[in-house]
Every structure is written in C-alpha cells, then in structure tokens.
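Colleague:
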Amino acid sequence: MSTDPLIREVRRARHEISEECSHDLWKLYARYDALQREMKARGRHTFVDRPPRPTPQELTAPPR
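Take 8 as the starting number for the sequence shown in the numbering used here and just add one per residue.
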C-alpha cells in the first residue's frame, strides 16, 4: 500500500519540527504557542477563543 505524497510530506515536516524540539512535548507546545501569538499579533488570522472550563463546583451545583 503506497502512501499519498502529501501525507508523507506532512509527516516529514512534523518529524523535523519534533526533532528540533528534541521530541519534548513541552517544547513543542511552547513553539506552537509562540507561533500562534505571533500570528495573532500580525492580525491576518482569526482565532477562536474557547470559553473557560467550568469549575468542579459549577459542574456539581444544582441547576438554577
């Protein structure tokens, strides 16, 4: 079974980025977080902010 060339290219790029970060998830997160902040600052991209997660108290409180 052959893999689509585009899929191979994406996997290669992901592996290179992971290697640059020593395959450390925290470094990868920091890299992507910095990239997102940079893209937001440029103003050319739109990002959706997630609403805050409910606290455990809010989850267990009786309905109003």
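Glycine is no exception: its CB is placed at the ideal position from the N, C-alpha and C atoms. Treat the numbers as computed from the prediction; the structure is a model and nothing was measured.
The alpha helix (DSSP H) with ALA37 in it runs from where to where?
Modeller: The residue labelled residue 37 in the question sits at position 30 within the sequence shown. Unbroken alpha helix (DSSP H) run through ALA37: 32 to 49.
Colleague: Looking at the secondary structure, which residues open and close the alpha helix (DSSP H) in which VAL17 lies?
Modeller: Here residue 17 refers to the residue found at position 10 when the sequence shown is read from its first residue. 12 to 27 is the extent of the alpha helix (DSSP H) around VAL17.
Colleague: Please state whether DSSP places PHE67 in a helix, a strand or coil.
Modeller: Here residue 67 corresponds to residue number 60 of the sequence shown, with the count starting at 1. Correcting the residue identity first, residue 67 is Thr in this sequence and not Phe. Helix at THR67.
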